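Top to bottom, those sequences are chains R and B.
Quick note on numbering: the first sequence equals residues 24 to 379 in the working numbering.
Quick note on numbering: the second sequence equals residues 24 to 379 in the working numbering.
Every residue gets a Cβ at the ideal spot worked out from N, C-alpha and C, and that includes glycine.
These numbers were taken from a predicted model, which means no experiment stands behind them.
Take a look at the structure below.
There are 2 protein chains.
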Amino acid sequence: MRIYAESIAAAYGHTGPPPYNGRVDVSDIGEFGLIERLAKAVGAGRPESLIVGIGDDAAAWRLNDAVMLATTDTLVEGVHFLPGRTPWVDLGWKALAVNVSDIAAMGGLPQYALVTLALPPQTAVPDVDALYEGLGQCAREYGVAVAGGDVVRAPQIAITVAVLGQAEVDGEGSPLLMRRDAARVGYVIAVTGTLGDSAAGLRRLKDGAPADDPLVRAHLRPRPPLAAARRAAELGVPCAIDVSDGLLQDLGHVCEMSGLGAVVRAAALPLSGELRDAYPEEALALACTGGEDYELVFVAPRETLEALRPEVTMIGEMVEDGERRARLVDASGEEVRLPAAGWDHLRPDGRPSGRT
Amino acid sequence: MRIYAESIAAAYGHTGPPPYNGRVDVSDIGEFGLIERLAKAVGAGRPESLIVGIGDDAAAWRLNDAVMLATTDTLVEGVHFLPGRTPWVDLGWKALAVNVSDIAAMGGLPQYALVTLALPPQTAVPDVDALYEGLGQCAREYGVAVAGGDVVRAPQIAITVAVLGQAEVDGEGSPLLMRRDAARVGYVIAVTGTLGDSAAGLRRLKDGAPADDPLVRAHLRPRPPLAAARRAAELGVPCAIDVSDGLLQDLGHVCEMSGLGAVVRAAALPLSGELRDAYPEEALALACTGGEDYELVFVAPRETLEALRPEVTMIGEMVEDGERRARLVDASGEEVRLPAAGWDHLRPDGRPSGRT
């Protein structure tokens, strides 16, 4: 399961500290702390058939000769999208696409979706129809069947989608899964597409840019590279993660779970011309910490990744590192400090809870 | 997928009409109308492997020789539970139990759960720990493994759980599923346990009754009869639904999808002594329209249901009925009118959108 830390939560005005009340709040331990507590509370009784549980992009378990995948993600109004600024049709697309991204990050094929819609009763029906339309567009694009739907009343809009899928198995029946804990020293880090466009698009959306602006499109209509992910899994890429919270924070999860560090060369990062033109000073920071790119990071031996060119760009490598951090370095190998390395949207300052 | 119409939404104060704004709101067409629109918007491209899509307790599809089941349900603060009154540990239990109920209603075995927690940042950590504890208790009770977790920030608490499971297949590979559309004229209607206790318990909870009051327990800790459901599916019971929105409304879904009517004998309804003692005048109405019982209704030939005694009580039968309604009748066969037959929590008056 991906831990959905909205990387640009600060942009939505949710970074002020909660009122002091003399107790330990979830904002103090952050969402990663909460996920760990959940894993502990329910950890007993883990069945033998479970291959990957809490803490990866998706859960995986064996079912006879097949390997099932399941993931879920929620978009909450005012936390994950801008009320009144995000077109409903794009919201529908994105609610499904972020889940497709999780299945892709495991190397799997998304097949079925369950959709839970929380709505205030005064929501206009044409808006809901537009949301369904966007959902249907994404479902057709990625070959996903919406098999179930639920509607509940709530004070604000929230869309929760669960996607079920399958991973391939090799000739000996071993699952071809890309896991966060499978990076090794010397493995190369590669990424699909370009980074930072989505975060830049959110900024432009807030500034009133139209929905057809290319950067705004990148924000509203993420297109997870499912075909590349499937090829990567078939080629034997052992480790991947999707870029949802910002490259450095997401790579930080790989570092934490693989017990290693990551070195990313700033000069190697793929940045679009639109991003460089729109935010020349901040392009690098947006690419490293902006989040919501829904591109994929692959971590594998160099020769394996060569076969994925030109769809991927090699940006760094895994190293020994007791701190298990992802570091951005310049041409001379010096660490580049950025203002923020991803956001943890439950913490009062929006800073991550220590994994990056 | 069960359509989660909180049968006692009115009790939470959510029945006032929305402000008039000169357009069609979701409160005008109701949640069942919305689910139908979703089914239409995404209906194209239904894969051959899909056995049951939108509109039943859970989705079902073929995977090689197996039949997968998936369902999801959400509990929203102030809509599905009382803020400050519902103990967190019970909330955790119930969030999973209502999904186990959906899988049971299909005759399947629940196996894996994904948990999405939407929390305000100032939620106290011990409260979340208690929620996880209740979730873990329910998971152990029903043999479900929590395989994924997600935490998002939101203005109010909401817990969405998706449960994945499997249905049995018979010797010829046909799935042993209990479907809403499989009732036939002359089939007998039977129900597990007793009805109305949960709705009575909610009332007592609001009146300040302690969490260990038997009726309050029934409300806070529903115990879906999974073992009985599994036996029913093995015996070949073709049709079932869980009692979430109130017996008559839920039977109404069976009527609608099977193209029939249902006749329920008031005198045959199983009512607990606690319910009769606490609300002698309203026991019948609570049993028929209260909801959240999470018992199961089985619809099958009488001889099939006989084998499930004493775990089920026979309460009526399916009949021809152009109106496709579930009717409550007295000893002389006259229809008994009740104040409300289930609630549709998106409609301003809380009344169902026409299926009962």
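Contacts that R:Asp88 makes with chain B (C-beta to C-beta distance below 7 Å)
Near R:Asp88 (Cβ distances below 7 Å), the residues of chain B are Asn87.
Where do the ends of the beta strand (DSSP E) carrying B:Arg288 lie?
First-last of the beta strand (DSSP E) with B:Arg288: 284 to 288.
Inter-stretch contact at 8 Å, needing at least 3 Cβ pairs: the stretch 219 to 234 of chain R / the stretch 156 to 176 of chain R:
With a cut-off of 8 Å on Cβ pairs, the stretch 219 to 234 of chain R is not in contact with the stretch 156 to 176 of chain R, counting fewer than three such pairs.
Is R:Thr336 close to chain C? Criterion is C-beta to C-beta, closer than 9 Å.
The structure shown contains no chain C; its protein chains are R and B.
Three-way DSSP call (helix, strand, coil) for R:Ala354 in this model
DSSP places R:Ala354 outside both helix and strand once states are collapsed to three, so it counts as coil.
By the DSSP assignment, the beta strand (DSSP E) with B:Glu340 in it spans what residues?
Here the beta strand (DSSP E) through B:Glu340 covers 335 to 342.
So, are the CB atoms of B:Ala141 and B:Gln179 less than 9 Å apart?
Yes, these two residues count as a Cβ contact at 9 Å.
Thinking C-beta only, is B:Ser295 closer than 9 Å to B:Asp204?
For B:Asp204 and B:Ser295, no; Cβs fall outside 9 Å.
With respect to the alpha helix (DSSP H) encompassing R:Ile52, which residues constitute its N-terminal and C-terminal limits?
R:Ile52: member of the alpha helix (DSSP H) spanning 49 to 65, first to last residue.
Rounded separation between B:Glu346 and B:Leu271 - CA only
Roughly 14 Å separates the two Cα atoms.
Within a Cβ cutoff of 8 Å, which residues of the same chain sit near R:Gly115, ignoring the five residues on either side of it in sequence?
Residues of the same chain with a CB within less than 8 Å of the CB of R:Gly115, apart from the 5 flanking positions on each side, are Ala153, Leu154, Tyr155, Glu156, Gly157, Leu158, Gly159, Gln160, Cys161, Ile182 in chain order.
If I measure Cβ to Cβ from B:Val184 and keep anything under 6 Å in the same chain, skipping five residues before and after, which residues do I get?
Within the same chain, B:Val184 has close Cβ partners Ala118, Leu119, Asn122, Ala136, Val138.
Work out the CA separation of R:Val186 and B:Met91 for me, nearest whole Å.
Each residue's Cα considered, the two are about 13 Å apart.
Please state whether DSSP places R:Glu100 in a helix, a strand or coil.
Correct three-state label for R:Glu100: strand.
With 16 other CB atoms within 10 Å as the buried threshold, where does B:Arg350 fall?
The residue is buried, with at least 16 neighbouring Cβ atoms inside 10 Å.
Does the separation of the CB atoms of B:Val286 and B:Val214 fall below 9 Å?
With respect to B:Val214, B:Val286 sits apart: the two C-beta atoms are not nearer than 9 Å.
To be precise: take each residue of the stretch 173 to 185 of chain R, compare its Cβ to all Cβ atoms of chain B, and keep it if any distance is under 8 Å. Which residues remain?
Flagged, chain order: Asp173, Val174, Val175, Arg176, Ala177, Pro178, Gln179, Ala181, Thr183, Ala185.
Checking contacts by CB at 9 Å: is B:Ser124 closer than that to chain R?
Not an interface residue.
Tell me which residue opens and which closes the alpha helix (DSSP H) that B:Ala205 is part of.
Looking at the DSSP string, B:Ala205 is not in any alpha helix (DSSP H), and its letter there is neither H nor E.
Please say whether B:Pro261 and B:Met201 have beta carbons closer to each other than 9 Å?
Yes, the Cβ-Cβ distance between B:Met201 and B:Pro261 is below 9 Å.
What residue range does the beta strand (DSSP E) around R:Thr312 cover?
Segment 306 to 312 is the alpha helix (DSSP H) holding R:Thr312; no beta strand (DSSP E) there.
Going by beta carbon distance, what residues of the same chain come within less than 8 Å of R:Arg244, once the five residues before and after it are set aside?
In the same chain as R:Arg244, and ignoring 5 residues on each side of it, the C-beta atoms closer than 8 Å to its own belong to Asp113, Trp116, Lys117, Ala120, in chain order.
Per DSSP, which residues does B:Trp84 bridge with? Please list them.
Among the bridge pairs identified by DSSP, B:Trp84 is matched with B:Leu73, B:Met91.
Contact under 9 Å by Cβ, B:Gly166 with B:Gln189:
Not in contact: B:Gly166 and B:Gln189 (Cβ atoms no closer than 9 Å).
Amino acids of chain B, ordered along the chain, whose beta-carbon sits closer than 8 Å to that of R:Val138
Leu61, listed in chain order.
Can you find a CB in chain B that lies within less than 9 Å of the CB of R:Tyr135?
Yes, because at least one Cβ of chain B sits closer than 9 Å to the Cβ of R:Tyr135.
CB of B:Cys311 within 9 Å of CB of B:Ala206, strictly:
Between B:Cys311 and B:Ala206, the CB-CB gap reaches or exceeds 9 Å.
For the putative contact between R:Leu307 and R:Ala289, defined by C-beta atoms under 8 Å, what is the C-beta separation to the nearest angstrom?
A Cβ-Cβ separation of about 6 Å places R:Leu307 in contact with R:Ala289 under the 8 Å criterion.
Under 8 Å Cβ-Cβ, which residues of chain R neighbour B:Pro247?
In chain order: nothing, as chain R lies at least about 17 Å away.
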